[in-house]
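Trainee: Top to bottom, those sequences are chains A and B. Heads up: take any position in the first sequence, counting from 1, add 91, and you land on this note's numbering. Heads up: take any position in the second sequence, counting from 1, add 180, and you land on this note's numbering.
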Amino acid sequence: MVLGVPRRIGYAAFMREKTDEQLMQQYAKGNAKAFDQLYERHRGSLYRYFRRQVSDEATANDLYQGVWEKMIAARKKYRSSSPFSAWMFRIAHNHLVDHYRQSKPVTSVEMDTLADQQALPTEHVIDGQQRQQLQEKIAALPQEQRNTLLLKLETGLKMEEIASVTGTSRETVKSRLRYAVDKLKRSLVE
Amino acid sequence: MNSIHNNGPDDKLLNEEIEELGHTYQQLSPEEPPELLDQAILNSAHRAVEQKDHWLDFGWIHGLTTAAVIVLALSIILTQRQPTELEENGLSPAAPTAVGRTRPIESKSKDEVRQQRSSAPATREARDDSQTKKTLHSRSALLEEDKKQENMMQKNMATEAGVSSPTEAGVSSPTELEFADEVLSAKAPDDQIGMLKTDADKARAEQSAPPSEKEQLQAILMLKQAGDARWKEALRTFTERYPDYPLPDELTD
């Protein structure tokens, strides 16, 4: 597990500590400190998930807070049979979809055009520039591809779990990942 | 990045490419939520749980209150049912009333009550068949019981009169000793009075009074003649209570 939450706290420490599922169950039973620990583990990944989906920071903040509020309200409905990350990002994904429905939808065509316009690096780029480019290219990806790629990069979920989160099939997830990776790779190499 | 299932060469290639991309992605500026947002979310989470905890803290009071109400209600029902059952069984629930002098009668009456209680289930079963009969007989049974008590009381009074001269009494019988104890204790238990049911019993209770000094001395004398060592203690108590009362010669030895 390279990506996702566990890599940030170290394997040994992770094994010693309680799992996300245990913490969530404890919080559902009334242990507020369990939530603190859980929040500390996932605040970064969830925030970046929204921040890189939505250009406006205030909107990203609203979405981020809204998801946590939903999780707090739904704490008793959580079942440890599914991974906590999958549960959390399913809520986040649905929240984001609701947001898109309420605001003006951004079509994939528009996003693809934007991506093509921005993918114009002709010179050799340094690492710092490359990172900045990657951020821009990710933001320019079509919504579904960006969402799938960010779920993969931020959470390390399996394709099946991402399919469950987004309500699609594994093949669809794989296809979106393939398109997203190809675009990013092409634009970064150029 | 090994979390992608390898379902073929294409998956493997995709897996490697995402892993490579992931390394670059990790180098992106680690954006984090503002501190104020963190605090707002954590406060919200704590509030949600604390509200629940607050309710749980006082949840036991509801249980305790419910239990107390149930126990109280049951005790009231049982208290009210007990005399009714005794009356239905043809018994006078009240103990004989004359305090002190009627102790043997009271004991007998309590024994009867116990017996009646032990046989109460059978009586209840039979009651359904002969409810009307019982109702008719209960009145007469009560009257008979009252008569019996009066007879016993008269008998006791006669016995008391018989031992009024300590020298004639000789060795006291167990009943007399009980009577002596009762005289010495000289208490009119409130619960007995409270159990009085009929007006006749109430009247008898009013008539009963603490034993006189003479009666107490007779009782002490009876104890002495019976060889009961408590007579000295009783005499001492008596002289403390009535220091100027003249003692008979039998007790001054």
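Ideal placement from N, C-alpha and C gives every residue a C-beta, glycine not left out. Keep in mind the model is a prediction, meaning the values are calculated, not measured.
#1: Comparing the C-beta of Leu258 (chain B) with each C-beta of chain A, is any distance below 8 Å?
#2: Who are the neighbours of Glu227 (chain A) on chain B, taking C-beta pairs under 8 Å?
#3: Would you kindly work out how many angstroms separate the C-alpha atoms of Asp429 (chain B) and Leu258 (chain B), rounded to a whole number?
#4: Anything in chain A within Cβ reach of Gln207 (chain B), meaning under 7 Å, just list it in chain order.
#5: For the structure I just gave you, are there three or more beta carbon pairs, one from the region 215-230 of chain B and one from the region 153-163 of chain A, closer than 8 Å?
#6: Out of curiosity, what's the CA-to-CA distance linking Ser278 (chain A) and Gln219 (chain B)?
#7: Rounded to a whole number of angstroms, what is the C-alpha to C-alpha distance between Ala275 (chain B) and Gln334 (chain B)?
#8: Give the DSSP-derived three-state secondary structure of Leu244 (chain B) in the structure shown.
#9: Under 8 Å between C-beta atoms, does Arg269 (chain A) make it to chain B?
#10: Does the beta carbon of Ala123 (chain A) sit closer than 8 Å to a beta carbon anywhere in chain B?
#11: Under 8 Å, do Gln236 (chain A) and Arg267 (chain A) count as touching if we go by C-beta distance?
#12: Just by C-beta distance, which residues in the region 155-185 of chain A are closer than 9 Å to chain B?
#13: Any beta carbon of chain B sitting closer than 8 Å to that of Arg134 (chain A)?
#14: Can you name the residues of chain B whose CB is closer than 7 Å to the CB of Arg285 (chain A)?
#15: With distances taken from CA atoms, which of A:Val188, A:Tyr270, A:Asp153 and A:Ala125 is nearest Ala231 (chain A)?
#16: Taking only three categories from DSSP, how would you classify Thr120 (chain A)?
#17: Using a Cβ cut-off of 9 Å, pull out every chain A residue sitting near Thr246 (chain B), in sequence order please.
#18: Around the C-beta of Asn331 (chain B), are 16 or more other C-beta atoms found within 10 angstroms, so that it is buried, or is it exposed?
#19: Quick one: does Ile250 (chain B) have its CB under 8 Å from some CB of chain A?
#20: Going by DSSP in three states, Leu208 (chain B) sits in which element: helix, strand or coil?
#21: Tell me whether the beta-carbon of Leu241 (chain A) lies closer than 8 Å to the beta-carbon of Gln116 (chain A).
#22: Does Ile217 (chain A) get closer than 8 Å to chain B when you measure Cβ to Cβ?
#23: From the DSSP output, in three-state form, read off Ser352 (chain B) for me.
#24: Could you check if Gly247 (chain A) is buried or exposed, using at least 16 other CB atoms within 10 Å of its CB as the buried criterion?
#25: Round the Cβ separation of Leu225 (chain A) and Tyr205 (chain B) to the nearest angstrom and send it over; I've been treating them as touching at under 8 Å.
#26: Under DSSP, the alpha helix (DSSP H) around Ala254 (chain A) begins and ends at which residues?
#27: Who are the near neighbours of Gln128 (chain A) in its chain, counting only those whose CB is closer than 6 Å to its CB and skipping five residues on each side?
#28: Against chain A, with Cβ distances strictly below 8 Å, would His226 (chain B) count as a contact?
#29: Determine whether the Cβ of Glu197 (chain B) lies closer than 8 Å to any Cβ atom of chain A.
#30: Could you pull out every residue in the same chain whose Cβ sits closer than 8 Å to the Cβ of Arg139 (chain A), ignoring the five residues on either side in sequence?
#31: Can you give me the start and stop residues for the alpha helix (DSSP H) that Lys168 (chain A) sits inside?
#32: When you compare the CB of His185 (chain B) with every CB in chain A, is at least one pair closer than 8 Å?
#33: Thinking C-alpha only, which one of B:Leu217, B:Ile250 and B:Gly243 is nearest Gln156 (chain A)?
#34: How would you call Lys168 (chain A), buried or exposed, if buried means at least 16 neighbouring beta carbons within 10 angstroms?
#35: Would you kindly work out how many angstroms separate the C-alpha atoms of Pro210 (chain B) and Leu244 (chain B), rounded to a whole number?
#36: Using the beta-carbon of each residue, which ones in chain B are nearer than 7 Å to Leu275 (chain A)?
Mentor: In this structure, then:
#1: no
#2: Neighbours of Glu227 (chain A) on chain B: none; closest Cβ ~11 Å, over 8 Å.
#3: 54 Å
#4: Arg222
#5: yes
#6: 39 Å
#7: Reliability fails at Ala275 (chain B), whose pLDDT of 47 lies under 50, so the model's placement of it is uncertain and no value is given.
#8: Reduced to three states, the DSSP call for Leu244 (chain B) is helix.
#9: yes
#10: Yes, its Cβ sits closer than 8 Å to a Cβ of chain B.
#11: yes
#12: Tyr155, Gln156, Trp159, Glu160, Met162, Ile163, Ala164 and Arg166
#13: yes
#14: No answer is possible for residue 285 (chain A): it lies beyond the span of chain A, which begins at 92 and ends at 281.
#15: A:Tyr270
#16: Reading off the sequence shown, one finds Lys at residue 120 (chain A), where the question assumed Thr. Lys120 (chain A) falls in the coil class under three-state DSSP.
#17: Against chain A, a Cβ distance below 9 Å from Thr246 (chain B) picks out nothing, because the smallest value is about 23 Å.
#18: exposed
#19: no
#20: coil
#21: no
#22: Residue placement at Ile217 (chain A) is poorly supported in this model, since its pLDDT is 43, which falls under 50; the coordinates still yield a value, given next. It does not; no Cβ of chain B falls within 8 Å.
#23: Summary for Ser352 (chain B): the model assigns pLDDT 48, below 50, so the residue's position carries little reliability; its value from the coordinates is reported in the next sentence. Coil, per DSSP.
#24: buried
#25: 7 Å
#26: Met250 to Thr257
#27: Leu114
#28: yes
#29: yes
#30: Leu241 and Glu245
#31: Careful: Lys168 (chain A) lies outside any alpha helix (DSSP H) and carries neither H nor E.
#32: Bear in mind that the predicted position of His185 (chain B) carries a pLDDT of just 48, short of 50, making it too unreliable to give a figure here.
#33: B:Leu217
#34: That one is exposed.
#35: Rounded to whole angstroms, the gap between the alpha carbons of Pro210 (chain B) and Leu244 (chain B) is 54 Å.
#36: Leu201
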